[in-house]
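Only one structure is covered here, and it is reproduced in the block below.
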DNA sequence: AATTGTGAAAGCATTCACAGCA
DNA sequence: TGCTGTGAATGCTTTCACAATT
């Protein structure tokens, strides 16, 4: 059984490998991956072992082979179509980012409440009014949604998505959102990230001052 | 010693409490916080204990008191000034989000390579050319930076920030960035977040299918 | 000699179980 | 009775140590 933490790292390894492959390097060692990711080589080997990726003593891992195996594990063979709710700056940034980011994942529709945005095609993606959310999703095979709506709208949007049959949500809202427990919720908490960073900087400083004495 | 995970949750509890306070509710129970955050009440009590926040049996925790104590722990009493590098859609979204988000954290300057953006004031924040990055930061007390630059520019930007004396970086780049180990690096990995979500949805589905048989 | 693969140990984080208190 | 506070147990994750391999 592969843990979620391992899956996260495997996604990262795979991203590296595509760069490595572009340099037409055919083999890679666990310690090279580890160095790039600032983790240990044992961790990398353990993750790859869990994923069923095998290397060769002395020769390391075959890049193409690893990429194939990781894609078999991580990708939906049928491709993954995703929708986005909320076309503010953040929504647009994500549209741009995922546009052509990975051929397997595509944002196929967007939704917004703002009549200025609905009906238009933004970054190659049609923007519908939220009223159409359920019908558009029901007519598609989309199972995953990205939520970039204001905090106040987060819970109602999540409920709407759950009602439309969505099975996984990545949300950027800084307030907790409740979903039924058969729906996977990934919260990207930017506010906490920054607060944590400022806290950690103060901690490191304090430690240094103590050390100086 | 408070762990990073605990700090993250404390940031989240605090955010809730400000809402609770707005409803002029004076006390709150660990199980209420837990329910909102979808975690256990024991976890909440343990975190608050670690933070030195005490409650009263039967009466729960005093909201104002907890807010004060958490702010003492989490906030820089002098306020925290932050800079942002990269004014694409994502940079602008963050500028807007943190604008007035929390009085204690302020984005005081932005940087970009694009001459169209530099020299202008965007969302109340002056945008400088990156060439001025070090001098602007050196003239300020800023210790934390947010990086929203393209993947290809991530490492050079991080080096630039490190050279300018920055002590903490929150980055959105999907490629690993190396910083000296006395600099705190918080990576918000959106690509991994979405890949993980699609993977988890497939897993949950598989499990259901197995259960059905 | 350098690298992978992995059982076992160590280290962290969460949860249990329950004492103490109002 | 219903809550907080917390030592101890459990469970999860990483690291160690080393056998196996080329």
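Chains as they are written, first to last, in my numbering: chain W, 1 to 213; chain H, 1 to 213.
A virtual CB, placed ideally from N, CA and C, is assigned to each residue, including glycine.
1. Going by Cα to Cα distance, which pick from W:114, W:199, W:209 is closest to residue 70 of chain H?
2. Does residue 89 of chain W pass the burial test, meaning 16 or more other C-beta atoms within 10 Å, or should it be called exposed?
3. Residues in the same chain with beta-carbon distance under 6 angstroms from residue 111 of chain W, minus the five sequence neighbours each way, listed in chain order, please.
4. Give me whichever residues DSSP pairs with residue 106 of chain H in a beta bridge.
5. Of all the options H:189, H:151, H:74, H:193, which has the alpha carbon lying nearest to the alpha carbon of residue 10 of chain H?
6. Anything in chain W within Cβ reach of residue 76 of chain H, meaning under 8 angstroms, just list it in chain order.
7. Within 8 angstroms of any Cβ in chain H, is that where the Cβ of residue 140 of chain W sits?
8. Less than 8 angstroms between CB atoms is the rule here; does residue 30 of chain H satisfy it with respect to chain W?
9. Using a beta-carbon distance cut-off of less than 9 angstroms, what residues from the segment 91-105 of chain W approach chain H?
10. Under DSSP, the alpha helix (DSSP H) around residue 36 of chain H begins and ends at which residues?
11. Cutting at 7 angstroms between CB atoms, please list the residues of its own chain near residue 27 of chain W, excluding the five before and the five after it.
12. Beta-carbon of residue 6 of chain H versus every beta-carbon of chain W: anything under 8 angstroms?
13. Check for me: the alpha helix (DSSP H) holding residue 157 of chain W runs from which residue to which?
14. Which chain W residues are close to residue 243 of chain H, counting only those with a beta carbon under 7 angstroms from its beta carbon?
15. Contact between the segment 183-198 of chain H and the segment 5-22 of chain W: three or more CB pairs below 8 angstroms?
16. Along the alpha helix (DSSP H) that carries residue 18 of chain W, what are the first and last residues, could you check?
17. Let's see if you can read the secondary structure: which residues bound the beta strand (DSSP E) around residue 186 of chain H?
18. Report buried or exposed for residue 201 of chain H, applying the criterion of at least 16 other Cβ atoms within 10 angstroms of its Cβ.
19. With a threshold of 8 angstroms between beta-carbons, can residue 36 of chain W be considered close to chain H, or not?
20. Verify whether the separation of the beta carbon atoms of residue 166 of chain W and residue 183 of chain W is less than 8 angstroms.
21. Could you tell me the alpha carbon to alpha carbon distance between residue 208 of chain W and residue 67 of chain H, rounded to whole angstroms?
22. What does the alpha-carbon distance come out to for the pair residue 169 of chain H and residue 186 of chain H?
23. Which residues share a DSSP beta bridge with residue 181 of chain W?
24. For residue 111 of chain W, write down the residues that DSSP places opposite it in a beta bridge.
The relevant details are as follows:
1. The sequence position of residue 70 of chain H within the second chain is 70, counting from 1. Of W:114, W:199, W:209, the residue nearest in Cα terms is W:199.
2. Numbered from its first residue, the first chain carries residue 89 of chain W at position 89. The residue is buried, with at least 16 neighbouring Cβ atoms inside 10 Å.
3. On the first chain, residue 111 of chain W is found 111 positions in, with the first residue counted as 1. Contacts found: 85, 128, 130, 133.
4. Taking the first residue of the second chain as 1, we reach residue 106 of chain H at position 106. Answer is H:81, bridged to residue 106 of chain H.
5. As a working note, residue 10 of chain H is residue 10 in the second chain. Ranking H:189, H:151, H:74, H:193 by CA distance to the CA of residue 10 of chain H puts H:74 first.
6. Taking the first residue of the second chain as 1, we reach residue 76 of chain H at position 76. What residue 76 of chain H touches in chain W: 198, 202.
7. On the first chain, position 140 is the one that residue 140 of chain W refers to. Judged by the 8 angstroms Cβ criterion, residue 140 of chain W is not in contact with chain H.
8. The sequence position of residue 30 of chain H within the second chain is 30, counting from 1. No, residue 30 of chain H does not count as interfacial toward chain W.
9. Taking 9 angstroms as the Cβ-Cβ cut-off against chain H, the residues of the segment 91-105 of chain W that qualify are 91, 92, 93, 94, 95, 96, 97, 98, 101, 102, 104, 105.
10. The residue you call residue 36 of chain H lines up with position 36 of the second chain. Taken as a continuous stretch (DSSP letters only), the alpha helix (DSSP H) holding residue 36 of chain H covers 30-37.
11. The residue you call residue 27 of chain W lines up with position 27 of the first chain. The beta carbon of residue 27 of chain W lies closer than 7 angstroms to those of 59, 60, 61, 62, 63 in the same chain, with the five residues before and after it left out.
12. Numbered from its first residue, the second chain carries residue 6 of chain H at position 6. Not an interface residue.
13. Here residue 157 of chain W is taken as the residue at index 157 of the first chain, counted from 1. Residue 157 of chain W -> alpha helix (DSSP H) spans 151-163.
14. Absent from the structure is residue 243 of chain H, since the part of chain H shown begins at 1 and ends at 213.
15. yes
16. Numbered from its first residue, the first chain carries residue 18 of chain W at position 18. Here the alpha helix (DSSP H) through residue 18 of chain W covers 4-22.
17. Counting from one through the second chain, the residue named residue 186 of chain H turns up at place 186. It spans 184-187 - the beta strand (DSSP E) in which residue 186 of chain H sits, taken as one unbroken run.
18. Locating residue 201 of chain H in the second chain gives position 201, where the first residue counts as 1. It is buried - the Cβ of residue 201 of chain H has at least 16 other Cβ atoms within 10 Å.
19. The sequence position of residue 36 of chain W within the first chain is 36, counting from 1. It does: the Cβ of residue 36 of chain W has a partner Cβ on chain H nearer than 8 angstroms.
20. Working through the first chain from its first residue, we reach residue 166 of chain W at position 166. Working through the first chain from its first residue, we reach residue 183 of chain W at position 183. A contact, by the Cβ cut-off of 8 angstroms.
21. Locating residue 208 of chain W in the first chain gives position 208, counting from the first residue. Locating residue 67 of chain H in the second chain gives position 67, counting from the first residue. Those two C-alpha atoms are separated by around 28 angstroms.
22. For the purposes of this step, residue 169 of chain H is identified with residue 169 of the second chain, where counting begins at 1. For the purposes of this step, residue 186 of chain H is identified with residue 186 of the second chain, where counting begins at 1. Distance between the alpha carbons of residue 169 of chain H and residue 186 of chain H is about 6 angstroms.
23. Residue 181 of chain W sits at position 181 when you count from the first residue of the first chain. None; residue 181 of chain W has no bridge partner.
24. Reading the first chain from its first residue, position 111 is the one you call residue 111 of chain W. For residue 111 of chain W, which the question treats as bridged, DSSP gives the partners W:85, W:128.
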